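Asks:
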Amino acid sequence: MRILVVEDDKDVAGFVLKGLREAGHVVEHADNGRDGLFMAASENFDAIVLDRMLPGGIDGLRLLETLRGQNNNTPVLFLSAMAQVDDRVRGLKAGGDDYLTKPFAFAELLARVEALARRGKGEGPITKLAVGELEMDLLSRGVKRAGQRIDLQPREFRLLEFLMRHAGQVVTRTMLLEGVWDYHFDPQTNVIDVHVSRLRQKVDKPFATPMIHTVRNAGYMLRPEQP
Amino acid sequence: MLGLRRPLVRSAGVRFGMIYAGVFALGTLALAVFLWWSTAGLLDRQTDAAINADTQGLSERYGEGGLPALVETIEQRLAGNVDDDALYLLTDPAAHRVVGNLSGWPVNVPRDAAWYDVQVERAGRRNLARLHRYELPGGFHLLVGRDVEVHAQMARLLTDALLWSAGIALLLGTAGALAVRSLFRMTLADVSATAAAISAGDLTRRVRVSGRGDEFDRLAETINDMLDRIGRLMDGVRQVSNAIAHDLRTPIARARARLEDASVHAASEADLRAAIERAEADLDGVIAIFQALLRIAEIEAGARRSAFATLDIAPLLLDLADLYGAAAEEHGQHLQPAIPPHLPAYGDREMIQQAVANLLDNALKFSPEGSTIRIEAGADANVGTFITVADEGPGIPDADRERATQRFFRGETARSTPGSGLGLSLVQAVATLHGGALRLADNRPGLRATLMLRSSPAVQVNATSFADQPAAAADAA
Numbered sequence: 001m002r003i004l005v006v007e008d009d010k011d012v013a014g015f016v017l018k019g020l021r022e023a024g025h026v027v028e029h030a031d032n033g034r035d036g037l038f039m040a041a042s043e044n045f046d047a048i049v050l051d052r053m054l055p056g057g058i059d060g061l062r063l064l065e066t067l068r069g070q071n072n073n074t075p076v077l078f079l080s081a082m083a084q085v086d087d088r089v090r091g092l093k094a095g096g097d098d099y100l101t102k103p104f105a106f107a108e109l110l111a112r113v114e115a116l117a118r119r120g121k122g123e124g125p126i127t128k129l130a131v132g133e134l135e136m137d138l139l140s141r142g143v144k145r146a147g148q149r150i151d152l153q154p155r156e157f158r159l160l161e162f163l164m165r166h167a168g169q170v171v172t173r174t175m176l177l178e179g180v181w182d183y184h185f186d187p188q189t190n191v192i193d194v195h196v197s198r199l200r201q202k203v204d205k206p207f208a209t210p211m212i213h214t215v216r217n218a219g220y221m222l223r224p225e226q227p
Numbered sequence: 228m229l230g231l232r233r234p235l236v237r238s239a240g241v242r243f244g245m246i247y248a249g250v251f252a253l254g255t256l257a258l259a260v261f262l263w264w265s266t267a268g269l270l271d272r273q274t275d276a277a278i279n280a281d282t283q284g285l286s287e288r289y290g291e292g293g294l295p296a297l298v299e300t301i302e303q304r305l306a307g308n309v310d311d312d313a314l315y316l317l318t319d320p321a322a323h324r325v326v327g328n329l330s331g332w333p334v335n336v337p338r339d340a341a342w343y344d345v346q347v348e349r350a351g352r353r354n355l356a357r358l359h360r361y362e363l364p365g366g367f368h369l370l371v372g373r374d375v376e377v378h379a380q381m382a383r384l385l386t387d388a389l390l391w392s393a394g395i396a397l398l399l400g401t402a403g404a405l406a407v408r409s410l411f412r413m414t415l416a417d418v419s420a421t422a423a424a425i426s427a428g429d430l431t432r433r434v435r436v437s438g439r440g441d442e443f444d445r446l447a448e449t450i451n452d453m454l455d456r457i458g459r460l461m462d463g464v465r466q467v468s469n470a471i472a473h474d475l476r477t478p479i480a481r482a483r484a485r486l487e488d489a490s491v492h493a494a495s496e497a498d499l500r501a502a503i504e505r506a507e508a509d510l511d512g513v514i515a516i517f518q519a520l521l522r523i524a525e526i527e528a529g530a531r532r533s534a535f536a537t538l539d540i541a542p543l544l545l546d547l548a549d550l551y552g553a554a555a556e557e558h559g560q561h562l563q564p565a566i567p568p569h570l571p572a573y574g575d576r577e578m579i580q581q582a583v584a585n586l587l588d589n590a591l592k593f594s595p596e597g598s599t600i601r602i603e604a605g606a607d608a609n610v611g612t613f614i615t616v617a618d619e620g621p622g623i624p625d626a627d628r629e630r631a632t633q634r635f636f637r638g639e640t641a642r643s644t645p646g647s648g649l650g651l652s653l654v655q656a657v658a659t660l661h662g663g664a665l666r667l668a669d670n671r672p673g674l675r676a677t678l679m680l681r682s683s684p685a686v687q688v689n690a691t692s693f694a695d696q697p698a699a700a701a702d703a704a
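Line by line, the protein sequences give chains A and B.
Everything in the first sequence is counted per the working numbering, starting at 1 for the first residue and increasing by one.
Everything in the second sequence is counted per the working numbering, starting at 228 for the first residue and increasing by one.
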């Protein structure tokens, strides 16, 4: 995927660029708001990683507002040291799709950027999800694996839905908390792990191969059974 | 003029004193005017009325019997005038006296006016008289009047008295103004001296309260409350700085030691990676502490109060119970919710979620296997909405309960478990921002933490109203 990183801090930018390239993405970099806006507006990207405080007269918010004003709907992930709830709200209101505060773990950034870039593909409203032999009907709220019905609690259903919508991508615990529970804080207890392990009991245990995988130091990934 | 007045008027004490003196002088003036009008003025009006009535009678007699009847009537009246204050004079066209008790036409009485106040010669004395002149047919002139010397004396007396009282009023007004000013100065001097001392760094100073319970006392109490709050905040800041210095050093030192050790002693790349990962985890812990601190500061600053809304927290609590219930089971504990179908509260959804999550985190962390954790909620007419998380863990000893909500406080029993000592501080901050309180009580055994919130914005009284009550009251709830 083609990703634009607008970040003025050399170390952070270098770290992010290197990581994204290693993950197989094509990455462009701008170290100030003016260049960032120019590149974002003139080229096509799958996602933009945007710092809030930038030199060059145009800060992250202005850049994004200008971009959205031109009907450019490239998914944008804010990366900012401004960590207050109001800052996040302001960032999302300006048109940001996600907000990650510094300091951050690269795995978290990568998972979120990939999720955004995938989402940007503009899929219409869908009623069925399918990953490998796992099928989910969003209307009847039924789940089958290899034709066999799986009974899920409402919360488990939403958890699995989130994993299936991000099939093949790493999903972090924070993403699950935000996406499935709509919580914007990190509990001390490993609540997410417990819920994922319960889901595994139902989705993976009765079958030969697991589909829900733990990604070390990052989170989880749902992917089709290995052939 | 302005240049002269400015420095004087700039003193509020002088201004208030002047206002006081002005009002006092105005009052005195009004009293004098009224006194004059109702005594001297009344006598004057009575004199005029008597003269008019007299003339009326004379004119009737003149109409009936002409000049002779008039002369006769005047003589009769003079004879019957016991007070000797009636004055009459009838003159012929040659200005000679026909009848009357005035020796001659008074000087200073021109012939073309009607009413006169003049001096007349009577029995060798010059007395003040009020006279009315009438023209009669045939060139005769008639003066009807009253001797008003007594009135005049009284008026002089009254004037003297009023002048004296004006002087005294001025004196008293000035004295009162000075008293008001000094009272003002005295009261404000204490406030400003206290404020100056506080600015200079002496946070222990307080404004003196006289105990009279007046406005100044209330001002002093308000200022003292404010100073207490500032003091507590300052203590908090000091505490936090110290705590940061102490508590963050440990994980940072650990991470540093690991990295240094690895860089010197690591035998293989795997060793190196493991050490780096552990150091990363240590630093993540430091970051988490910073985030919690910032979050508490953000909540305490009250910036998010604009996001307050009336909401039903019942589904919110059930969600949390669901989220944590699974984790509790994993730990061999049982989470038992007792939540009504609807529960109104007024506040910030995210903050309430996080506060309750912190209480549940603690309960799960400290409860032994096989124990029950209860999450209860309800509404109470007195305390509003309450959320209670009760566990069967070690609890918090009475002695520590007060300090349990301080940042970085960790009880003896908590030393061995991971944690930052910020969880309850955050709950406390959320409670305070919501005009509620966090009460910690003994669950025999275990801890019973009750978070109280307002159920609607209307009952907002005072942000500290709950917090001031003793924590023991939570047992009743």
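Beta carbons are placed, not taken as given, at the ideal position from N, Cα and C, and that holds for glycine.
Please read all numbers here as calculations on a predicted model, not as lab measurements.
Can you name the start and end residues of the beta strand (DSSP E) that A/S80 belongs to?
Replies: Along the first sequence, read from residue 1 onward, the residue named residue 80 of chain A stands at position 80. Unbroken beta strand (DSSP E) run through A/S80: 76 to 80.
Asks: Tell whether a beta-carbon distance below 8 angstroms holds between A/A94 and A/E65.
Replies: Along the first sequence, one-based indexing puts residue 94 of chain A at 94. Along the first sequence, one-based indexing puts residue 65 of chain A at 65. Yes. Within cutoff.
Asks: Closer than 7 angstroms: is that where the CB of B/R445 sits relative to any heavy atom of the ligand FMN?
Replies: Looking at this structure, you won't find the ligand FMN or any other ligand, since it has none at all.
Asks: In chain A, which residues lie with their C-beta within 7 angstroms of the C-beta of B/I514?
Replies: Sequence index remark: in the second sequence, residue 514 of chain B carries index 287 (1-based). Neighbours of B/I514 on chain A, chain order: P103.
Asks: In whole angstroms, what is the alpha-carbon distance linking B/A690 and B/P684?
Replies: Counting from 1 along the second sequence, the entry for residue 690 of chain B is found at position 463. Counting from 1 along the second sequence, the entry for residue 684 of chain B is found at position 457. Summary for B/A690: the model assigns pLDDT 41, below 50, so the residue's position carries little reliability, and this model does not support an answer.
Asks: Under the assumption that A/D8 contacts A/N32 (Cβ atoms under 8 angstroms), give the Cβ distance between them as a whole number of angstroms.
Replies: Here residue 8 of chain A is taken as the residue at index 8 of the first sequence, counted from 1. Here residue 32 of chain A is taken as the residue at index 32 of the first sequence, counted from 1. A/D8 to A/N32, Cβ: 6 angstroms. Contact.
Asks: Of the residues that make up the stretch 184 to 216 of chain A, which ones have a beta carbon closer than 9 angstroms to any beta carbon in chain B?
Replies: H184, F185, D186, P187, Q188, T189, N190, V191, I192, D193, V194, H195, S197, R198
Asks: Give a yes or no on whether 8 angstroms exceeds the smallest Cβ distance from A/R155 to chain B.
Replies: If you number the first sequence from 1, residue 155 of chain A lands on position 155. Judged by the 8 angstroms Cβ criterion, A/R155 is in contact with chain B.
Asks: Give the straight-line distance between the Cα atoms of B/L510 and B/I479, rounded to the nearest whole angstrom.
Replies: Here residue 510 of chain B is taken as the residue at index 283 of the second sequence, counted from 1. Here residue 479 of chain B is taken as the residue at index 252 of the second sequence, counted from 1. Computed Cα separation, rounded: 7 angstroms.
Asks: Check each candidate in B/N308, B/V407, B/G327, B/L651 and name the one with the smallest Cα separation from B/R522.
Replies: In the second sequence, residue 522 of chain B corresponds to position 295, counting from 1. Measuring from the Cα of B/R522, the nearest candidate turns out to be B/L651.
Asks: If you compare alpha carbons, which of B/A427, B/A668, B/L415, B/W342 is closest to B/V434?
Replies: Position 207 of the second sequence holds residue 434 of chain B. Closest by alpha carbon: B/L415.
Asks: What does A/A83 reach in chain B if we use C-beta pairs closer than 8 angstroms?
Replies: As a first step, residue 83 of chain A is located in the first sequence; it is residue number 83 there, counting from the start. Near A/A83 (Cβ distances below 8 angstroms), the residues of chain B are Q518, L521.
Asks: For a test of the three-state rule: what should DSSP assign to B/Y573, helix, strand or coil?
Replies: Working through the second sequence from its first residue, we reach residue 573 of chain B at position 346. Three-state result, B/Y573: strand.
Asks: Measuring straight from C-alpha to C-alpha, what distance separates B/V325 and B/V371?
Replies: Translated into positions along the second sequence, residue 325 of chain B becomes position 98. Translated into positions along the second sequence, residue 371 of chain B becomes position 144. Near 14 angstroms, if we compare the C-alpha coordinates of B/V371 and B/V325.
Asks: Does DSSP put A/L17 in a helix, in a strand, or in coil?
Replies: As a first step, residue 17 of chain A is located in the first sequence; it is residue number 17 there, counting from the start. Helix, per DSSP.
Asks: Are any of the Cβ atoms in chain A nearer than 8 angstroms to that of B/L550?
Replies: Here residue 550 of chain B corresponds to residue number 323 of the second sequence, with the count starting at 1. Output row for B/L550: interface = yes.
Asks: Helix, strand or coil, according to DSSP, for B/N717 in the structure here?
Replies: Residue 717 of chain B is absent from the structure shown; chain B starts at 228 and stops at 704.
Asks: Any beta carbon from chain A within less than 8 angstroms of B/L591's own beta carbon?
Replies: Taking the second sequence and counting its residues from 1, one reaches residue 591 of chain B at position 364. At a cut-off of 8 angstroms, the C-beta of B/L591 has a neighbouring C-beta in chain A.
Asks: Following the continuous beta strand (DSSP E) through B/P542, name the residue where it begins and the one where it ends.
Replies: Within the second sequence, numbered from 1, the residue matching residue 542 of chain B stands at position 315. Segment 540 to 557 is the alpha helix (DSSP H) holding B/P542; no beta strand (DSSP E) there.
Asks: Between the Cα of B/D275 and those of B/I301, B/G284, B/L358, spot the shortest distance and give me the residue it belongs to.
Replies: Taking the first residue of the second sequence as 1, we reach residue 275 of chain B at position 48. For the residues B/I301, B/G284, B/L358, the minimum Cα distance to B/D275 belongs to B/L358.
Asks: From A/T74 to A/T214, what distance separates their C-alpha atoms?
Replies: By one-based count along the first sequence, residue 74 of chain A stands at place 74. By one-based count along the first sequence, residue 214 of chain A stands at place 214. Counting only the Cα atoms, A/T214 lies some 30 angstroms from A/T74.
Asks: With a threshold of 8 angstroms, are at least 3 pairs of Cβ atoms found where one atom belongs to the stretch 673 to 682 of chain B and the other to the stretch 613 to 623 of chain B?
Replies: Segments in contact, yes.
Asks: Which ranges would you report for the beta strand (DSSP E) in the stretch 324 to 404 of chain B if only whole runs of at least 3 residues count?
Replies: 324 to 327, 342 to 349, 352 to 362, 368 to 374
Asks: Is B/L667 helix, strand or coil by DSSP?
Replies: Here residue 667 of chain B corresponds to residue number 440 of the second sequence, with the count starting at 1. Note: B/L667 maps to strand in three-state DSSP.
Asks: Using three-state DSSP, classify A/M211 as helix, strand or coil.
Replies: As a working mapping, residue 211 of chain A is identified with position 211 in the first sequence. Note: A/M211 maps to coil in three-state DSSP.
Asks: Secondary structure at A/K93, three-state DSSP: helix, strand or coil?
Replies: Position 93 of the first sequence holds residue 93 of chain A. In the structure shown, A/K93 adopts helical secondary structure according to DSSP, grouped into three states.
Asks: So, helix, strand or coil for A/E135, using DSSP?
Replies: The residue given as residue 135 of chain A occupies position 135 in the first sequence. Correct three-state label for A/E135: strand.
Asks: Whole angstroms is fine: what's the gap from A/M82's alpha carbon to A/E108's?
Replies: Counting from one through the first sequence, the residue named residue 82 of chain A turns up at place 82. Counting from one through the first sequence, the residue named residue 108 of chain A turns up at place 108. Cα to Cα, the separation comes out at about 17 angstroms.
Asks: Determine whether the beta carbon atoms of A/Q169 and A/A115 lie at a separation below 8 angstroms.
Replies: For the purposes of this step, residue 169 of chain A is taken as residue 169 along the first sequence, with counting starting at 1. For the purposes of this step, residue 115 of chain A is taken as residue 115 along the first sequence, with counting starting at 1. Taking 8 angstroms as the Cβ cut-off, A/Q169 and A/A115 qualify as a contacting pair.
Asks: Just list the residues that DSSP pairs A/Q148 with in beta bridges.
Replies: Taking the first sequence and counting its residues from 1, the one referred to as residue 148 of chain A is at position 148. According to DSSP, A/Q148 bridges with A/R145.
Asks: Tell me whether the stretch 406 to 413 of chain B and the stretch 236 to 250 of chain B touch, counting them as touching only if at least three CB pairs, one residue from each stretch, are closer than 8 angstroms.
Replies: Yes: the two stretches touch, three or more of their Cβ pairs being nearer than 8 angstroms.
Asks: Hey, how far is the Cα of A/L92 from the Cα of A/L79?
Replies: Taking the first residue of the first sequence as 1, we reach residue 92 of chain A at position 92. Taking the first residue of the first sequence as 1, we reach residue 79 of chain A at position 79. One C-alpha to the other measures close to 12 angstroms.
Asks: So, is the C-beta of B/E619 closer than 8 angstroms to a C-beta in chain A?
Replies: One-based indexing of the second sequence puts residue 619 of chain B at position 392. With 8 angstroms as the cut-off, B/E619 does not count as an interface residue toward chain A.
Asks: Strictly below 7 angstroms CB to CB, what residues from chain A border B/D588?
Replies: Sequence index remark: in the second sequence, residue 588 of chain B carries index 361 (1-based). Result: P187, Q188, T189.
Asks: Pair every Cβ in the stretch 559 to 578 of chain B with every Cβ in the stretch 535 to 551 of chain B, then say whether three or more of these pairs are closer than 8 angstroms.
Replies: yes
Asks: Which complete beta strand (DSSP E) runs does the stretch 585 to 640 of chain B hold, if anything under 3 residues is left out?
Replies: Residue ranges of uninterrupted beta strand (DSSP E) with 3 or more members, entirely inside the stretch 585 to 640 of chain B and ordered along the chain, are 599 to 607, 611 to 617.
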